[in-house]
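What follows is a set of notes on a single structure, which appears directly below.
In full-length UniProt numbering, the protein residues as written are 1 to 366.
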């Protein structure tokens, strides 16, 4: 009775062992010689039941998780590509059911693009191509959120440019906050965010930076005209200026204490030379503790463990942005342009209008 052997043989023919596959195929070829219809029908039943049991969505999700582990943790590129190549071959063969067609329609373009980046990596060995592929693999399963409505009220922030804070309701039911800025060209900020994305990709590739969770906090930048644009609101953050101001007010410390000490030593501060200004500045530092931010981190932590984690995140993110800012020639850094995440302690920079040391170049030309 060949029926007793046919299904165990189909299992062996799909084994990961090449030897078992070849042995099972040899036995099935002999069965075909006298029971061809039985073998073909059994294979058809097995194939369709497998297709129903595990859909393409599940196959891709499970295999991408395994390939991700092999890439980011084990650094086993051969095993990773073995999984990705099998997935790509399945995609290239094309869909056969309505479910598979729906999958290709939803994710096919992104997955084909990721496969193209993998091919470029194999041709060149350039890790940036592989990082680009994995960025697409991670994002391909995320649904696209659309604008459902606008909250009718807009808040005007009392600063020099008077930007507007507005709220949008997404198709997922969540509320999203944006900053609408006028009188400012945000196209350079958009390019800086793209640069930060490249830096984050490089940081994720290196094992030392990856295990330290080094990452630059980004936000969306959408220029609408050459002098108007939308900025994604960075949640759960306060400027260093606001943190220090609130701390000093609670401790009855003058907000401009350092400035007063400088004027006390040199009333004609604006007429001093650069070297003299540095001397006055160092005098003000020497006569103040400079521990405001240190105290803020300590007071806002619920225990010593949380404080240590925030301090570590603060130090690493500050060092990372200092290096990237130096490469970028980033200027106009003051406490109102540097923010602190109140939960993680990470530093977040905003406002990138002054890049490539433009203020130094303008001063030299003048």
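By construction, the Cβ of each residue, glycine as well, lies at the ideal position given by its N, Cα and C atoms.
1. Could you spell out where the alpha helix (DSSP H) holding residue 17 opens and where it closes?
2. Along the chain, where does the alpha helix (DSSP H) that runs through residue 188 open and close?
3. Inspect the CB distances between the segment 199-213 and the segment 234-251 and report whether three or more fall short of 8 Å.
4. Could you tell me which whole alpha helix (DSSP H) segments of length 4 or greater appear in the segment 56-101?
5. May I have the straight-line CA-CA distance separating residue 185 from residue 223, to the nearest angstrom?
6. Mind checking residue 298: buried by the 16 CB within 10 Å criterion, or exposed?
7. Going by the CB atoms, is the gap between residue 348 and residue 199 shorter than 8 Å?
8. Residue 100: buried (16+ other C-beta within 10 angstroms of its C-beta) or exposed?
9. Spatial neighbours of residue 172 within its chain, please: CB distance less than 6 Å, with the 5 preceding and 5 following residues excluded, ordered by chain position.
10. Answer yes if the segment 60-68 comes into contact with the segment 13-29, meaning at least three C-beta pairs across the two stretches below 8 Å, and no otherwise.
11. Output the boundary residues of the beta strand (DSSP E) element that contains residue 254.
12. Which stretch, first to last residue, makes up the alpha helix (DSSP H) that contains residue 219?
13. For the candidate residues 98, 97, 128, 138, whose alpha-carbon lies nearest to that of residue 111?
14. Once DSSP output is grouped into helix, strand and coil, what is the label at residue 164?
15. Measure the beta-carbon distance from residue 152 to residue 180 and round it to whole angstroms, keeping in mind my assumption that it falls under 8 Å.
16. Taking the C-alpha atoms as reference points, what is the distance between residue 317 and residue 340?
17. How far does the beta strand (DSSP E) with residue 179 in it reach, from first residue to last?
18. With H, G and I counted as helix, E and B as strand and the rest as coil, what does DSSP make of residue 25?
19. Within 10 Å of its beta-carbon, does residue 345 have 16 or more other beta-carbons around it, so buried, or fewer, so exposed?
20. Step through the CB atoms of chain B and report whether any lies within less than 8 Å of the CB of residue 95.
21. Which residue from 287, 305, 281, 310 puts its Cα closest to that of residue 294?
22. Is it buried or exposed, residue 19, if we count other Cβ atoms within 10 angstroms and call 16 or more buried?
23. Going along the chain, which residues of its own chain have a beta-carbon closer than 7 Å to the beta-carbon of residue 232, five neighbours each way excluded?
24. Hey, could you find the ends of the beta strand (DSSP E) residue 232 is sitting in?
25. Specify the secondary structure class of residue 304 as computed by DSSP and reduced to three states.
26. Taking the continuous alpha helix (DSSP H) assigned at residue 283, which residues delimit it?
27. Answer with buried or exposed for residue 291, where buried requires no fewer than 16 other C-beta atoms within 10 angstroms of its C-beta.
28. Please classify residue 355: does DSSP put it in a helix, a strand, or coil?
29. Exposed or buried, what is residue 189 when buried is set at 16 or more other beta-carbons lying within 10 Å of its beta-carbon?
30. Between which two residues does the alpha helix (DSSP H) containing residue 126 stretch?
31. Can you give me the Cβ contacts of residue 358 inside the same chain, cut-off strictly under 8 Å, excluding the 5 residues immediately before and after it?
Reading from the atomic positions:
1. In the chain shown, the residue the question calls residue 17 occupies position 17. Unbroken run through residue 17: none, as it is neither H nor E.
2. The residue labelled residue 188 in the question sits at position 188 within the chain shown. Where residue 188 is concerned, the enclosing alpha helix (DSSP H) stretches over 187-205.
3. no
4. 56-69, 77-93
5. Numbered from 1 along the chain shown, position 185 holds the residue referred to as residue 185. Numbered from 1 along the chain shown, position 223 holds the residue referred to as residue 223. So the alpha carbons of these two residues sit roughly 8 Å apart.
6. The residue you call residue 298 lines up with position 298 of the chain shown. With fewer than 16 other Cβ atoms within 10 Å, it is exposed.
7. For this step, residue 199 is matched to residue 199 along the chain shown. For this step, residue 348 is matched to residue 348 along the chain shown. No, Cβ-Cβ distance for residue 199 and residue 348 is not below 8 Å.
8. Walking along the chain shown from the start, residue 100 turns up at place 100. Per the 10 Å Cβ criterion, buried.
9. Translated into positions along the chain shown, residue 172 becomes position 172. For residue 172, where only same-chain residues beyond five positions count, the Cβ hits under 6 Å are 145.
10. no
11. To locate residue 254, count along the chain shown from 1; it is residue 254. Segment: none, residue 254 is in no beta strand (DSSP E) and carries neither H nor E.
12. Along the chain shown, one-based indexing puts residue 219 at 219. Careful: residue 219 lies outside any alpha helix (DSSP H) and carries neither H nor E.
13. Within the chain shown, residue 111 is the residue found at index 111, counting from 1. Residue 138 is the option with its Cα nearest to residue 111.
14. For the purposes of this step, residue 164 is taken as the residue at position 164 of the chain shown. If DSSP states are grouped into helix, strand and coil, residue 164 belongs with the strands.
15. Position 152 of the chain shown holds residue 152. Position 180 of the chain shown holds residue 180. Going by Cβ atoms, the distance from residue 152 to residue 180 rounds to 14 Å, so no, they are not a contact pair.
16. As a first step, residue 317 must be located in the chain shown, where it is residue number 317. As a first step, residue 340 must be located in the chain shown, where it is residue number 340. Rounded to whole angstroms, residue 317 to residue 340 spans 10 Å at the Cα level.
17. Indexing the chain shown from 1 puts residue 179 at position 179. Run containing residue 179: 175-182, per the beta strand (DSSP E) assignment.
18. Against the chain shown, residue 25 aligns to sequence position 25. It is helical.
19. The residue labelled residue 345 in the question sits at position 345 within the chain shown. So residue 345 ends up on the buried side.
20. Checking the listed chains, one finds no chain B in this structure; it contains a single protein chain.
21. For the purposes of this step, residue 294 is identified with residue 294 of the chain shown, where counting begins at 1. Residue 294 has its Cα closest to that of 310, out of 287, 305, 281, 310.
22. Sequence index remark: in the chain shown, residue 19 carries index 19 (1-based). Classification for residue 19: exposed.
23. For this step, residue 232 is matched to residue 232 along the chain shown. Taken in chain order, the residues that qualify are 178, 219, 220.
24. Residue numbering aside, residue 232 sits at position 232 when the chain shown is read from its first letter. 228-232 is the span of the beta strand (DSSP E), which, as asked, contains residue 232.
25. As a working mapping, residue 304 is identified with position 304 in the chain shown. Three-state DSSP puts residue 304 in a helix.
26. The count along the chain shown starts at 1 and reaches residue 283 at position 283. 274-286 is the span of the alpha helix (DSSP H), which, as asked, contains residue 283.
27. Taking the first residue of the chain shown as position 1, residue 291 is located at position 291. Exposed, by the Cβ-count rule.
28. The residue given as residue 355 occupies position 355 in the chain shown. Here residue 355 sits in coil by DSSP.
29. Against the chain shown, residue 189 aligns to sequence position 189. Under this definition residue 189 is a buried residue.
30. For the purposes of this step, residue 126 is taken as the residue at position 126 of the chain shown. Where residue 126 is concerned, there is no enclosing alpha helix (DSSP H), given that its DSSP letter is neither H nor E.
31. Taking the first residue of the chain shown as position 1, residue 358 is located at position 358. The residues are 329, 331.
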